[in-house]
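Undergrad: Protein sequence lines correspond, in order, to chains A and B.
At position 66 of the first sequence the residue is numbered 66 (the working numbering), and the sequence of numbers has no breaks.
In the working numbering, each residue's number is its place in the second sequence (first place is 1) plus 132.
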Amino acid sequence: MPEAIKKISLIVILGVLSILAILLYFSFNPERGLLFPKCPFNTYLGIYCSGCGSQRAIHDLLHLRIGEAISHNLMLLPALFVIGQHLATKLGIVKRESLLNYRYSPLIILSVVLLFMVFRNIKAFPFEYLAP
Amino acid sequence: MENNSNMPPKPDNYLVWAILSTIFCCIATGIASIIYASKVNEAYARGEYEEAQKASKNAKMWALIGAGFSLLIWIIYFAIFGFAILGGMANAGSY
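#1: According to DSSP, is A:F36 helix, strand or coil?
#2: Cα-Cα, which of A:L130, A:N121 and A:N101 is closest to B:P141?
#3: Using 8 Å as the threshold, is the region 187-194 of chain B in touch with the region 70-78 of chain A, meaning 3 or more CB pairs across them?
#4: Name, please, each residue of chain B whose Cβ falls closer than 7 Å to the Cβ of A:S105.
#5: Excluding five sequence neighbours on each side, which residues of the same chain lie with their C-beta closer than 7 Å to the C-beta of A:A131?
#6: In the region 133-212 of chain B, which residue ranges form an unbroken alpha helix (DSSP H) of at least 4 residues, counting only runs that do not cross its ends?
#7: Which chain B residues sit within Cβ distance under 7 Å of A:P37?
#8: Taking the alpha helix (DSSP H) that A:F119 falls in, what are its first and last residues?
#9: On the criterion of 16 or more Cβ atoms from any shown chain inside 10 Å, does B:I229 qualify as buried, or is it exposed?
#10: Looking at A:Y104: is its Cβ nearer than 9 Å to the Cβ of A:L62?
#11: Return yes when the Cβ of A:G51 is within less than 9 Å of the Cβ of B:I208, no when it is not.
#12: Could you tell me which chain A residues have their CB closer than 7 Å to the CB of B:S170, listed as they occur along the chain?
What follows is the structure, encoded as structure tokens:
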């Protein structure tokens, strides 16, 4: 039984935190003001990492500005889709294999993340659109 | 996963946490998590169950480090700037 209680309390805590985060990111625009932490990676190294722009992208997404969300972080939407699909298969809503359960899923994700990070730091024509 | 019909189920590789940590927090902990997640899969596919379990533990550890680190950044950030900003907002309302 304690295993089940542990699981339920984890779900409750995560649920509450996500609702708080959604409210916060809905109400405030990370583009303005100091309220949101800046990416330390970018601040100290001057490099855009794969997560840069995701706070702004979430704010835009919550206001249904899909285009702007994509321009801030192209990978946020696909990542949320993959995670959503995974949760849906776990809850039994979707009766297919989770995209994350394939043998090479981690390696594919790793290469996508690294390529994305390299490409978005290239300051030349097609790549500059990937910068946050 | 053809020849492991007598193997216990694959240990969790915590890939969701790895992805969350790469997009919302810390590229370093995220990548460490992803690497251990793939180690879980590879070891399990080779039939090395104990190796897979070890990698799973490491993946979990890095997932927790990522989550803890981002929570910590948020808390520190709010402790430093949060109150000043809330105070500023309250003042701005009184003009």
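Positions of the beta carbon are idealized from the N, C-alpha and C atoms, including for glycine.
TA: Straight from the coordinates:
#1: In the structure shown, A:F36 sits in coil (DSSP, three-state: anything other than H, G, I, E or B).
#2: Each of A:L130, A:N121 and A:N101 was checked against the Cα of B:P141, and the nearest Cα belongs to A:N101.
#3: No: fewer than three Cβ pairs fall under 8 Å.
#4: Under the 7 Å cutoff, chain B gives L147.
#5: Counting only Cβ-Cβ distances below 7 Å, and skipping sequence neighbours, we find Y48 and R120.
#6: For the alpha helix (DSSP H) assignment, the uninterrupted runs of no fewer than 4 residues enclosed by the region 133-212 of chain B are, from N- to C-terminal side, 147-156, 159-178 and 181-209.
#7: Going along chain B in sequence order, the residues near A:P37 (Cβ under 7 Å) are I205, W206 and Y209.
#8: DSSP places A:F119 inside the alpha helix (DSSP H), whose first and last residues are S105 to F119.
#9: Examination of residue 229 of chain B is not possible in this model, given that chain B is present from 133 through 227 alone.
#10: Annotated as distal: A:Y104 and A:L62, with beta-carbon spacing of 9 Å or more.
#11: Judged by their CB atoms, B:I208 and A:G51 are not nearer to each other than the 9 Å cut-off.
#12: Neighbours of B:S170 on chain A, chain order: P106, L107 and L110.
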